[in-house]
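J.: Numbering (this note's numbering), first residue to last: 48 to 327.
All C-beta atoms in this analysis are idealised placements derived from N, C-alpha and C, irrespective of residue type, glycine included.
Source: prediction; values computed, not measured.
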């Protein structure tokens, strides 16, 4: 039975055969010139037919080796993390803005962009917006935001999901062993938003709601609101910060009070957070 040999193996064998000859040739070219006597005494190099054929084959394979190197470099750059993530954001409208998908954070709330336009107009008249932060919107919605408020910096805020073992019962247990007789109390942590590196004056967030469940005890919904509240307190300065929520249910009132509510259109709640109240 004949054994099948891969073309790559043939190329490796030929490369191994010609490698010593290439190194020897490079050494002769780079070595300092010898004196005339040594040159006269030096014997001419005898090339066998096999050596000539190997060199011919190598010359013939040079373009293919170069092409393979270029293709390998291109693929490496194309699928590097930074470039891949940018392409991923711009090309897929059905996926979300973070790496691993957690369906608890996905919001299927239909957005009425006319309502958002009215709310943003009530907030500042669209004149003070310079940097806009966007949280939990999919790619199509991100494009709509860029069209709705053009000529400003749009920042997609990054937030890590809560751990799978974080439940509402673990955050708000019905009974707490204050004396720690049975176990040591450990409070679950919820990741914070990564700092955008610039000052934002508008942060828009789209909240999920548990279909068929208790939306008021939804961990993902709580996490998103806590993350936004923490981020608003991190910005210092005497300027107001605007936070429009897209949600079918009222945001948590003890995080964003009713007196901060500027406007309400459909499922869009616009809030204005003065500098004096940005304390968490």
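Residue range of the beta strand (DSSP E) that residue 251 falls in?
T.: Taking the chain shown and counting its residues from 1, the one referred to as residue 251 is at position 204. Counting along the chain, the beta strand (DSSP E) containing residue 251 begins and ends at 249-253.
J.: Taking the alpha helix (DSSP H) that residue 318 belongs to, which residues open and close that run?
T.: Position 271 of the chain shown, counting from 1, holds the residue named residue 318. Per DSSP, residue 318 belongs to no alpha helix (DSSP H); it is in the beta strand (DSSP E), 315-320.
J.: Taking residue 270 and residue 237 to be in contact with their CB atoms under 8 Å, please state how far apart those CB atoms are, rounded to whole angstroms.
T.: Your numbering for residue 270 matches position 223 in the chain shown. Your numbering for residue 237 matches position 190 in the chain shown. Correct: roughly 5 Å between the Cβ atoms.
J.: Please classify residue 194 as buried or exposed, where buried requires at least 16 other C-beta atoms within 10 Å of its C-beta.
T.: Taking the first residue of the chain shown as 1, we reach residue 194 at position 147. By the neighbour-count rule (16 or more Cβ atoms within 10 Å), residue 194 is not buried but exposed.
J.: Measuring straight from C-alpha to C-alpha, what distance separates residue 295 and residue 156?
T.: The residue given as residue 295 occupies position 248 in the chain shown. The residue given as residue 156 occupies position 109 in the chain shown. Cα to Cα, the separation comes out at about 7 Å.
J.: For the stretch 173-223, which segments carrying the beta strand (DSSP E) assignment without a break, of at least 3 residues, lie completely within its bounds, in sequence order?
T.: For the stretch 173-223, whole beta strand (DSSP E) runs of length 3 or above, ordered along the chain, are 178-182, 200-203.
J.: Going by DSSP in three states, residue 156 sits in which element: helix, strand or coil?
T.: For the purposes of this step, residue 156 is identified with residue 109 of the chain shown, where counting begins at 1. Coil.
J.: List the residues that DSSP assigns as beta-bridge partners of residue 292.
T.: Taking the chain shown and counting its residues from 1, the one referred to as residue 292 is at position 245. Note: residue 292 sits in a beta bridge opposite 252, 316.
J.: Between the alpha carbons of residue 311 and residue 234, how many angstroms are there, rounded?
T.: To locate residue 311, count along the chain shown from 1; it is residue 264. To locate residue 234, count along the chain shown from 1; it is residue 187. The straight-line gap from Cα to Cα measures roughly 35 Å.
J.: Using a 10 Å radius around the Cβ and a threshold of 16 neighbouring Cβ atoms, would you call residue 180 buried or exposed?
T.: For the purposes of this step, residue 180 is taken as the residue at position 133 of the chain shown. That one is buried.
J.: Per DSSP, what kind of secondary structure is residue 308 in: helix, strand or coil?
T.: Counting from 1 along the chain shown, the entry for residue 308 is found at position 261. In this structure, residue 308 counts as strand in the three-state DSSP scheme.
J.: Going by CA-CA distance only, name the one from 214, 242, 220 that's closest to residue 205.
T.: If you number the chain shown from 1, residue 205 lands on position 158. Closest by alpha carbon: 242.
J.: Tell me which same chain residues have a C-beta within less than 6 Å of the C-beta of residue 223, skipping the five on either side of it?
T.: Here residue 223 is taken as the residue at index 176 of the chain shown, counted from 1. There are no such residues.
J.: Would you mind reading off the limits of the alpha helix (DSSP H) that contains residue 277?
T.: Counting from one through the chain shown, the residue named residue 277 turns up at place 230. Its alpha helix (DSSP H) spans residues 266-281.
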